[in-house]
Structures are given as C-alpha cells and as structure tokens.
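S.K.: Below is a structure I'd like to ask you about.
Residue numbers (our numbering): 654 to 771.
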C-alpha cells in the first residue's frame, strides 16, 4: 500500500466536543479575556500544551458564582468547540478547587496560543 511518501504520525482521531450546558466567559466589550501563557496555560516551545489537571480559559455555568463582574460572553449549550479544545467541570461542586460552576476550556493537543484564543 503506497502512502506517496507521507505518513500519518498522529493516529488519534479528535472527536468533536459539544457543550452540554451553557457557559459564560468574562472579558471586555471587545472579546473574552484571553488566557495568560504560563499562568492560565502551560507553554512549551511557543505552543500551549495539555496539562493534568487541565488548565486554560475560565468559564462559568452560572455567573452568580463567578468571582468576576462586568461584561461576559455566552457559549450556548450545543455549541461545538473548535478542533483541539475540550472542557471540564472543575468547580467545588464536582470536587475541584475553583468557584462553584467553574469550567475550564483547555487545549487537548499542543497548539499555538493564537489558535487557542481564536
């Protein structure tokens, strides 16, 4: 079987992540606040990478429990996240360390920070 000199070194198939609940992200009137490399995300060789536990962009299922106020953006239930992104509930109600209803949107594979933010 010929592969025309190209090999697929990544045998993993990325499955689409569909939000099962509505999430809210805080920011300014222009956009949600981007995650900060090496604070909210781990960067290695100019790529943000998956970590354990996952780190990334903070969102909330209920803004009443957010430690932030101000302008926020809504990601509706049923929204498909872009390829390479996943979400985990990690608030206190599920045994996490974050505020109630906190969810983290995180990279599921290495990617440039600009791709994660888009």
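Here a beta-carbon is modelled for each residue, glycine too, at the ideal position from N, C-alpha and C.
Please classify residue 760 as buried or exposed, where buried requires at least 16 other C-beta atoms within 10 Å of its C-beta.
M.R.: So residue 760 ends up on the buried side.
S.K.: If you follow the alpha helix (DSSP H) that residue 770 is in, where does it begin and where does it stop?
M.R.: Note, residue 770: alpha helix (DSSP H), 766-770.
S.K.: So is residue 722 buried or exposed if we call it buried at 16+ other beta carbons inside 10 Å?
M.R.: With fewer than 16 other Cβ atoms within 10 Å, it is exposed.
S.K.: Quick one: measure Cβ to Cβ for residue 680 and residue 726, integer angstroms, because I've assumed they're closer than 8 Å.
M.R.: About 6 Å; that satisfies the 8 Å criterion.
S.K.: Taking C-beta to C-beta, are residue 742 and residue 756 nearer than 8 Å?
M.R.: Yes, the pair counts as a contact, with Cβ atoms nearer than the cut-off.
S.K.: Restricting to Cα atoms, I'd like to know which of 715, 709 and 720 is closest to residue 768.
M.R.: Among 715, 709 and 720, the Cα nearest to that of residue 768 belongs to 709.
S.K.: Assign residue 741 to one of three DSSP states: helix, strand, or coil.
M.R.: In this structure, residue 741 counts as strand in the three-state DSSP scheme.
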